[in-house]
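The opening residue of the sequence shown carries number 1 in our numbering; numbering runs sequentially from there. Beta carbons are placed, not taken as given, at the ideal position from N, Cα and C, and that holds for glycine.
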Amino acid sequence: MVVANKPSVELNSFLLRKLLKVRKAKKSDVHQIYNIASSVGSSTKIPEQGFLVDDYTSNPRLYKNKLLNGINNLNHFYVAEYERIYGFMIAYSKEEWLKDNPNWIEDVYWSPDFDKSRIDNFIVVDKTAIQAGLTGQGIGSIIYKHLLKNLKENGTKTIFAETIISPIPNFASLQFRKKQKYTLAGMRYEDYNNTLYTDLVYYKDVL
Ligand SMILES: CC(C)(COP(=O)(O)OP(=O)(O)OC[C@H]1O[C@@H](n2cnc3c(N)ncnc32)[C@H](O)[C@@H]1OP(=O)(O)O)[C@@H](O)C(=O)NCCC(=O)NCCS
């Protein structure tokens with residue numbers, strides 16, 4: 001029974017990866033995006049499967065508005081779709097990021113061997129989320145590849161991405177950074193909603 005089931009499960013995720021298309025998010029996607037965010041962003045945080053820090057289920061209206069605002073204003077808000085949406089990624093240009101996080105560069109404890117000239121021209125991947133139960137099947141990598149292609153075209157030099165390691169470590173995100181060959185750039189403390197988070201700050205050059 002187990003042996004008979006295994007190939008079809010693998011074939012399904014293989015086929016899904018082939019069929020998925022990544023495109024910019026549009027307004028009408030907001031409900032599906034919200035559902036995905038809620039599936040991995042609730043009050044239950046599972047380190048191995050990864051999680052979003054916010055509890056999206058706590059205030060659907062507020063979070064749908066935030067997502068809609070991102071869809072309307074950000075250049076890099078992508079969804080992976082085949083008949084429905086399976087995952088999304090939100091990235092900020094340097095200007096967009098520093099507008100929301102004006103002290104970010106000063107707040108990071110940069111690693112001594114990190115070449116800070118990379119701070120001249122970067123984007124920050126803020127959130128990536130794949131439907132709960134479908135993580136670890138390569139969907140995040142497909143969206144990431146699409147982002148890389150766009151960044152090469154527009155001349156962005158560096159990608160930054162943060163991963164929370166405390167109070168709850170995000171092991172899925174750590175695995176994902178390793179898979180995408182990110183390097184540690186530093187760390188920062190982040191005071192968010194009265195909780196102190198410790199974030200590893202990773203970078204990757206867009207080559
Ligand atoms: C982090 C995340 C975006 C990565 O996307 P993904 O589709 O799972 O990524 P991939 O499948 O391409 O790669 C994940 C790697 O972690 C490993 N992994 C193992 N178990 C896993 C699990 N349960 N979940 C996720 N990744 C897992 C995978 O094996 C894979 O590495 P490999 O292909 O070399 O084996 C996704 O796991 C996710 O949405 N998690 C919940 C939200 C989150 O934590 N977001 C990141 C913080 S913003």
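Practice item. From the DSSP output, read off the bridge partner residues of Asp113. Key: Residue pairing from DSSP leaves Asp113 without any beta-bridge partner.
Point to revise | Thr280, buried or exposed, once every other Cβ within 10 Å from all chains shown has been counted against 16 | key: Because the chain here runs from 1 to 207, residue 280 falls outside it and cannot be looked at.
Check your understanding: Does DSSP put Lys18 in a helix, in a strand, or in coil?
Key -> Here Lys18 sits in helix by DSSP.
**Study point:** CB contact check: Gln49 to chain B, cutoff 8 Å
**Key:** Among the chains in the structure shown there is no chain B, since it carries only a single protein chain.
Check your understanding: The beta strand (DSSP E) with Glu162 in it runs from where to where?
Key -> Glu162 -> beta strand (DSSP E) spans Thr158 to Ser166.
Check your understanding: Any idea if Ser173 is buried or exposed, counting beta-carbon neighbours within 10 angstroms, 16 or more meaning buried?
Key -> It is buried - the Cβ of Ser173 has at least 16 other Cβ atoms within 10 Å.
Point to revise | Residue interval of the alpha helix (DSSP H) (run including Phe176) | key: DSSP places Phe176 inside the alpha helix (DSSP H), whose first and last residues are Phe171 to Lys179.
Practice item. Kindly indicate which residue of Leu147, Leu207, Met187 and Asn194 has the alpha-carbon position closest to the one of Trp110. Key: Sorting Leu147, Leu207, Met187 and Asn194 by C-alpha distance to the C-alpha of Trp110 places Met187 at the top.
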